[in-house]
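Colleague:
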Amino acid sequence: MNSSATPTVAAPQSDGPSLPYDAVIRTDHANALLERCIAALRQQSKSPRRIFIVDSSLDSLCRERLLELSDFVIQYPAIPFNFAHALNLGIEAAEGIQVLLLSSHVILSDRTLIEEGQNLGKRHDAGVVYWKPTAFRSQRLQITDAQTFDGYNGLSAVCALVPRAEVLARPFRTEVFSAEDQEWAGWYLRAKAGRALQIEHPHLEYLNPKKNIQKSINEEISIAFFTNRNLLRPRHIALRLFRAGLAGLRRHPDRARLHWEVAKGLCIANFKQPSRDSRYY
4 MNSSATPTVA APQSDGPSLP YDAVIRTDHA NALLERCIAA LRQQSKSPRR
54 IFIVDSSLDS LCRERLLELS DFVIQYPAIP FNFAHALNLG IEAAEGIQVL
104 LLSSHVILSD RTLIEEGQNL GKRHDAGVVY WKPTAFRSQR LQITDAQTFD
154 GYNGLSAVCA LVPRAEVLAR PFRTEVFSAE DQEWAGWYLR AKAGRALQIE
204 HPHLEYLNPK KNIQKSINEE ISIAFFTNRN LLRPRHIALR LFRAGLAGLR
254 RHPDRARLHW EVAKGLCIAN FKQPSRDSRY Y
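Take the position in the sequence shown, starting the count at 1, then add 3; the result is the number in our numbering.
This is the structure we're talking about:
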């Protein structure tokens, strides 16, 4: 997902103790990447009190390995997988004021990343703090509130600290089949007059081998319908069709398919609520 360009915020000096937190990781595998993910998390200067894994593998051997890697394993029920439901299960089981949502495909290679992020969140009065990878050598900050939220810049559950009580009061919506994090952020920023701090960090790696065009298609359609209805307007659909044609002329079939499928999905979403499988692979 791409956020519109906005001014960055200068990073203040952090101080004061950071809050204890539990971590929630969703996964359907127990592989080397997950082991690296958890090892890096445990090596943080402010490591989690406990790590909860929501296991959707339905595999007993996988579960045994996940039990070795974490503190608690929550078995996802034998129903079609839904990212929002998995998050809600983990957050319900966790405790404390903050919960860290972490993708099983993320490596935190800076040991102070979480602690510094917590302190920056306090200094900027941000109830939500989330991280994104960047090619820049230094971190960049962006504050989002209800006025500056565009559907893309409120939250990323790839790596994020969220207020547990607010999620318990208003869980992630399971009908939001993709980008459930952005939809929840829209509610939080508006209903709670909240603020979100985005940290683009050079030492966060997102190594998702399953990321594909379908994931991007689902995200765009979901954001347009559930989070930012302005994106359903005809001019946005026309722009998608133009970009699909341009990508085709430039012989980029994957990009052409992306824009065509999004345009088609936006057209349909003007007449009925979209419903898709949450799992994109």
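In this text, a Cβ means the ideal position worked out from N, Cα and C, and glycines have one as well.
1) Measure the C-alpha to C-alpha separation of Ala196 and Asp148 and round it to an integer number of angstroms.
2) Can you tell me whether Glu208 is helix, strand or coil according to DSSP?
3) Candidates Cys65, Glu203 and Arg167: which alpha carbon is nearest Arg140's?
4) Judging by CA-CA distance, which residue of Lys218, Gln47, Asn215 and Asn34 is the nearest neighbour of Leu69?
5) Going by DSSP, which residues form a beta bridge with Gln121?
6) Between which two residues does the beta strand (DSSP E) holding Pro166 run?
7) Starting from the Cα of Asp62, find the closest Cα among Asp74, Ser50, Arg52 and Tyr79 and give me that residue.
8) Using the DSSP secondary-structure output, state which residues sit across from Phe55 in a beta bridge.
9) Taking only runs that begin and end inside the stretch 216 to 266, name each unbroken alpha helix (DSSP H) of 4 or more residues, in chain order.
10) Check whether the Cβ of Arg253 lies closer than 7 Å to any Cβ atom in chain B.
11) For Lys214, count neighbouring Cβ atoms within 10 angstroms of its own Cβ and tell me buried if that reaches 16, exposed if not.
12) Could you give the first and the last residue of the continuous beta strand (DSSP E) run that contains Tyr133?
13) Taking Arg143 as part of the beta strand (DSSP E), name the residues at either end of that continuous run.
14) Whose C-beta lies closer than 7 Å to the C-beta of Trp190 among residues of the same chain, with five residues either side of it excluded?
15) With DSSP as the reference, label Ser106 as helix, strand or coil.
Modeller: By the coordinates alone:
1) Rounded to whole angstroms, Ala196 to Asp148 spans 7 Å at the Cα level.
2) If DSSP states are grouped into helix, strand and coil, Glu208 belongs with the strands.
3) The shortest C-alpha to C-alpha distance from Arg140 to any of Cys65, Glu203 and Arg167 is the one to Glu203.
4) The candidate whose alpha carbon is nearest that of Leu69 is Asn34.
5) According to DSSP, Gln121 bridges with nothing at all.
6) Annotation for Pro166: the continuous beta strand (DSSP E) segment containing it runs Cys162 to Pro166.
7) Residue Tyr79 is the option with its Cα nearest to Asp62.
8) Residue pairing for Phe55: DSSP places it in a beta bridge opposite Val27 and Phe75.
9) The qualifying runs are 216 to 225 and 237 to 252.
10) As a matter of chain content, chain B is missing from the structure shown, which is built from one protein chain.
11) Its Cβ having fewer than 16 others within 10 Å, Lys214 is exposed.
12) Note, Tyr133: beta strand (DSSP E), Val131 to Pro136.
13) Counted as a single uninterrupted DSSP element, the beta strand (DSSP E) harbouring Arg143 occupies residues Arg143 to Thr147.
14) Correct list, in chain order: Arg173.
15) Ser106: strand per DSSP, three-state reduction.
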